[in-house]
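Everything on this sheet refers to the single structure shown next.
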Amino acid sequence: MSENEGMSSKATMIGVAGAGCGCMTLPAAAAGLIVLLIVFGGLGVLFAPIIALILFFGGGGGGDDVSPSDIDTDAVSESVQGDGKGELNPKTVPSDLADTIEDAGGICDAIGPVVIAAQIEHESSFNEDMLGPNGEKGISQLPPDKFEEFGEDEDDNDETSATDPKDSIMAQGRYMCSLAEKVKPLVDSGQAPEGQSVLDLTLAAYDVGLKAVQDAKGLPEGGAAQSYVITVRSLFPRFEGIGGAVSPSEFPTPPTSES
28 MSENEGMSSK ATMIGVAGAG CGCMTLPAAA AGLIVLLIVF GGLGVLFAPI
78 IALILFFGGG GGGDDVSPSD IDTDAVSESV QGDGKGELNP KTVPSDLADT
128 IEDAGGICDA IGPVVIAAQI EHESSFNEDM LGPNGEKGIS QLPPDKFEEF
178 GEDEDDNDET SATDPKDSIM AQGRYMCSLA EKVKPLVDSG QAPEGQSVLD
228 LTLAAYDVGL KAVQDAKGLP EGGAAQSYVI TVRSLFPRFE GIGGAVSPSE
278 FPTPPTSES
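If you're matching positions, the sequence shown starts at 28 in my numbering and goes up one per residue.
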């Protein structure tokens, strides 16, 4: 076993231990899990402990009293590692925003509604009044300059506002599609490392900025971008309703990394 392989195994064991802790300590443990895995492992081996956490908590909550043994583990694995284009379970998002999330996830082929919902959960836990550390506002937490660029009046109330959920979500969809178009050449040309997808790079660019991804020709080093990608992906099964329909914010996630 190489030194790197040994370190990866150590991180995995720590992750398994974290999965067995009490619910009161899980948010901190989950955050530590993400950091340790990023430091000690490669992106390709990060998902197994995340999937274990999802299964341990029955897909993110007990919405339909589904036990871990009833969950389709293959479906969970496929969802976490997939393209985010699975069908959105409308019971997992606020009813008045389901159509808007579907619309935002239908702007381009690269971004599906499950991705939009998972990002919102991680960014704000569906809090339309959320204020970010760098001036971000609203449910999708776009940087102010990006909301100004991509935001429109979606509900015909004669006002375009980041704290209007529909305006914010649709701006998120447009911005994500713009980012996907700009990072795609890195993947198509082979400049991005093997295994890093257009979706991975798009999510990273949303969190740490397009320039950081372009300069790195893939996921930037340092952990923040990788943590964001993994955390958002870990939420895909919830919003596809795998393991039962659950309410937003029930599954513990690490703190949002600073943009």
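Where a beta carbon is used, it is the ideal one built from N, C-alpha and C, also for glycine.
In this text, all values refer to a predicted model and were calculated from it rather than measured experimentally.
Q. Leaving out five residues before and five after proline 170 in sequence, what residues of the same chain have Cβ atoms less than 8 Å from its Cβ?
A. Asn161, Gly162, Glu163, Ser286
Q: Look at lysine 173 and tyrosine 202 and say whether their C-beta atoms are less than 9 Å apart.
A: At the C-beta level, lysine 173 and tyrosine 202 come within 9 Å of one another.
Q) Who are the near neighbours of valine 210 in its chain, counting only those whose CB is closer than 7 Å to its CB and skipping five residues on each side? A) If we look at valine 210 and ignore the five residues flanking it on each side, its Cβ neighbours are Val225, Leu228, Thr229, Ala232, Val240.
Q: Give me the Cα-Cα distance between serine 104 and aspartate 185, rounded to the nearest whole angstrom.
A: 44 Å
Q | Alpha carbon of leucine 259 to alpha carbon of valine 142, nearest angstrom | A | Rather than leucine, the amino acid found at residue 259 in this sequence is valine. Those two C-alpha atoms are separated by around 8 Å.
Q.
Less than 6 Å between C-beta atoms, sequence neighbours within five positions excluded: which residues of the same chain meet that for glutamate 129?
A. Pro140
(Q) Given a cut-off of 9 Å on the beta-carbon distance, is the pair alanine 207 and alanine 137 in contact? (A) yes
Q) At which residues does the alpha helix (DSSP H) containing methionine 203 begin and terminate? A) Per DSSP, methionine 203 belongs to the alpha helix (DSSP H) from 192-215.
(Q) Using the three-state DSSP reduction, which class does leucine 246 fall into: helix, strand or coil? (A) coil
Q: Starting from valine 259, trace the alpha helix (DSSP H) both ways and give me its first and last residue.
A: 251-261
Q.
asparagine 116 and glycine 268 - do their beta-carbons sit closer together than 9 Å?
A. Taking 9 Å as the Cβ cut-off, glycine 268 and asparagine 116 qualify as a contacting pair.
Q) Out of curiosity, what's the CA-to-CA distance linking aspartate 234 and isoleucine 98? A) 31 Å
Q | Cβ shell of aspartate 110 (< 8 Å), same chain only, five flanking positions each side left out | A | Gly139, Ser224, Leu226
Q. Leaving out five residues before and five after valine 256 in sequence, what residues of the same chain have Cβ atoms less than 6 Å from its Cβ?
A. Asp227, Leu230, Ala231
**Q.** Contiguous alpha helix (DSSP H) assignments of at least 4 residues, all confined to the region 138-181
**A.** 140-151, 171-177
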